[in-house]
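**Student:** I have a structure I would like to understand better, so I am pasting it below and will then ask my questions one at a time.
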Amino acid sequence: MGTIYYGDGASPIHIEDRTLAHLKVVIATKLRRGESFTLSWRHPDGEPTGRSTIWLHPSIPLRFAFDDPEPTTLSREWVEEMANSANSSGGIMVVTEHVDDPDTIAKTGNDAAS
(Lines of atoms letter the chains of each structure in order from A and count residues from 1; the text may use other names and numbers.)
(Lines give C-alpha, C1' and ligand atoms only; values in the text may rest on other atoms or scores of the structure.)
Protein backbone atom coordinates (compact mmCIF):
# COMPACT_ATOMS: atom_id res chain seq x y z
CA MET A 1 0.00 0.00 0.00
CA GLY A 2 1.53 3.28 -1.11
CA THR A 3 1.04 6.64 0.55
CA ILE A 4 0.56 10.23 -0.58
CA TYR A 5 1.76 12.84 1.90
CA TYR A 6 0.12 16.12 1.00
CA GLY A 7 0.58 19.46 2.72
CA ASP A 8 1.59 18.97 6.34
CA GLY A 9 1.27 15.19 5.93
CA ALA A 10 -0.89 14.91 9.06
CA SER A 11 -3.41 12.73 7.22
CA PRO A 12 -1.54 10.37 4.87
CA ILE A 13 -3.56 9.02 1.95
CA HIS A 14 -3.16 5.27 1.44
CA ILE A 15 -3.49 4.00 -2.13
CA GLU A 16 -2.38 0.69 -3.62
CA ASP A 17 1.15 0.93 -5.11
CA ARG A 18 0.17 0.20 -8.73
CA THR A 19 -2.63 2.76 -8.64
CA LEU A 20 -0.33 5.30 -6.99
CA ALA A 21 2.32 4.83 -9.70
CA HIS A 22 -0.25 5.78 -12.34
CA LEU A 23 -1.55 8.71 -10.31
CA LYS A 24 2.00 9.95 -9.80
CA VAL A 25 2.55 10.30 -13.55
CA VAL A 26 -0.68 12.24 -14.09
CA ILE A 27 -0.31 14.41 -10.98
CA ALA A 28 3.33 15.26 -11.70
CA THR A 29 2.50 16.21 -15.29
CA LYS A 30 -0.28 18.57 -14.27
CA LEU A 31 1.67 20.15 -11.40
CA ARG A 32 4.72 20.62 -13.64
CA ARG A 33 2.47 22.70 -15.92
CA GLY A 34 1.39 24.80 -12.93
CA GLU A 35 -2.16 23.44 -13.02
CA SER A 36 -4.39 22.98 -9.97
CA PHE A 37 -7.06 20.26 -9.82
CA THR A 38 -8.90 17.86 -7.51
CA LEU A 39 -8.15 14.22 -6.73
CA SER A 40 -10.97 11.99 -5.46
CA TRP A 41 -10.92 8.38 -4.25
CA ARG A 42 -12.94 5.84 -2.31
CA HIS A 43 -11.49 4.93 1.06
CA PRO A 44 -9.63 1.59 1.03
CA ASP A 45 -10.70 -1.44 3.04
CA GLY A 46 -9.85 -1.09 6.70
CA GLU A 47 -10.69 2.62 6.78
CA PRO A 48 -14.08 4.21 7.44
CA THR A 49 -16.31 3.88 4.38
CA GLY A 50 -16.72 6.87 2.13
CA ARG A 51 -14.72 8.92 -0.30
CA SER A 52 -12.46 11.96 -0.12
CA THR A 53 -11.36 14.79 -2.39
CA ILE A 54 -8.32 17.04 -2.08
CA TRP A 55 -7.32 20.16 -4.02
CA LEU A 56 -3.85 19.75 -5.54
CA HIS A 57 -1.82 22.90 -6.14
CA PRO A 58 1.83 23.27 -7.24
CA SER A 59 2.73 25.32 -4.14
CA ILE A 60 1.64 22.63 -1.64
CA PRO A 61 4.27 20.01 -0.68
CA LEU A 62 3.59 16.53 -2.05
CA ARG A 63 5.42 13.22 -1.59
CA PHE A 64 4.69 9.74 -2.93
CA ALA A 65 5.90 6.71 -0.92
CA PHE A 66 5.75 3.17 -2.29
CA ASP A 67 6.01 -0.08 -0.33
CA ASP A 68 7.46 -1.93 -3.33
CA PRO A 69 11.04 -0.78 -4.03
CA GLU A 70 10.76 -1.76 -7.71
CA PRO A 71 8.89 0.44 -10.20
CA THR A 72 5.78 -1.11 -11.71
CA THR A 73 4.80 -1.35 -15.34
CA LEU A 74 2.39 1.35 -16.39
CA SER A 75 -0.76 0.93 -18.43
CA ARG A 76 -0.84 3.64 -21.08
CA GLU A 77 -4.64 3.34 -21.27
CA TRP A 78 -5.06 3.79 -17.50
CA VAL A 79 -2.74 6.82 -17.43
CA GLU A 80 -4.66 8.36 -20.34
CA GLU A 81 -8.00 7.67 -18.62
CA MET A 82 -6.78 9.39 -15.44
CA ALA A 83 -5.28 12.28 -17.44
CA ASN A 84 -8.57 12.80 -19.27
CA SER A 85 -10.47 12.88 -15.98
CA ALA A 86 -7.88 15.32 -14.59
CA ASN A 87 -8.81 17.73 -17.36
CA SER A 88 -12.52 17.55 -16.52
CA SER A 89 -14.36 19.80 -14.07
CA GLY A 90 -14.51 16.89 -11.60
CA GLY A 91 -10.74 16.36 -11.53
CA ILE A 92 -9.01 12.98 -11.20
CA MET A 93 -11.23 10.20 -9.93
CA VAL A 94 -9.31 7.05 -9.05
CA VAL A 95 -10.90 4.32 -11.16
CA THR A 96 -10.29 0.60 -11.59
CA GLU A 97 -7.62 -0.36 -14.10
CA HIS A 98 -8.56 -1.78 -17.47
CA VAL A 99 -6.31 -4.58 -18.73
CA ASP A 100 -4.11 -3.48 -21.65
CA ASP A 101 -2.80 -5.41 -24.57
CA PRO A 102 0.77 -6.45 -23.62
CA ASP A 103 2.11 -4.45 -26.59
CA THR A 104 0.89 -1.19 -25.04
CA ILE A 105 2.60 -1.59 -21.66
CA ALA A 106 5.81 0.36 -20.96
CA LYS A 107 8.30 -0.13 -18.11
CA THR A 108 8.49 2.98 -15.93
CA GLY A 109 12.08 3.08 -14.63
CA ASN A 110 12.68 6.52 -13.12
CA ASP A 111 9.34 8.13 -13.82
CA ALA A 112 8.07 11.69 -13.36
CA ALA A 113 8.34 13.19 -9.87
CA SER A 114 9.23 11.38 -6.67
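Just so you know, we're using this note's numbering here: the sequence shown kicks off at 6 and counts up by one. For glycine and all other residues, C-beta sits at the position ideal for the given N, C-alpha and C. From a predicted model like this one, the values you see are computed outputs, not experimental measurements.
1) Our contact map puts Val31 next to Val84 with C-beta atoms below 8 Å; I'd like the distance itself, whole angstroms only.
2) Taking buried to mean at least 16 other C-beta atoms within 10 Å of its own C-beta, is Glu86 buried or exposed?
3) Only counting the same chain, and skipping five residues up and downstream in sequence, which positions put a Cβ closer than 8 Å to that of His27?
4) Could you give the DSSP three-state label for Ala91: helix, strand or coil?
5) Report back the beta-carbon spacing between Met98 and Ser45 to the nearest angstrom; my notes put them in contact at under 8 Å.
6) Going by the beta-carbon positions, is the gap between Pro66 and Gly12 smaller than 9 Å?
7) If you draw a straight line from the alpha carbon of Ser94 to that of Pro63, how long is it in whole angstroms?
8) In terms of alpha-carbon separation, which member of Ile18, Ser90, Asn92 and Pro76 lies closest to His48?
9) Using DSSP with H/G/I as helix, E/B as strand and the rest coil, what is Ala15?
10) Kindly list the residues whose CB is nearer than 6 Å to the CB of Arg23, restricted to its own chain and excluding five residues on each side of it in sequence; keep chain order.
11) So what does DSSP say about Ile65, is it helix, strand or coil?
**Tutor:** Taking the geometry as given:
1) 6 Å
2) buried
3) Leu79, Ser80, Trp83, Val84, Met87 and Glu102
4) helix
5) 5 Å
6) yes
7) 18 Å
8) Ile18
9) coil
10) Thr77
11) coil
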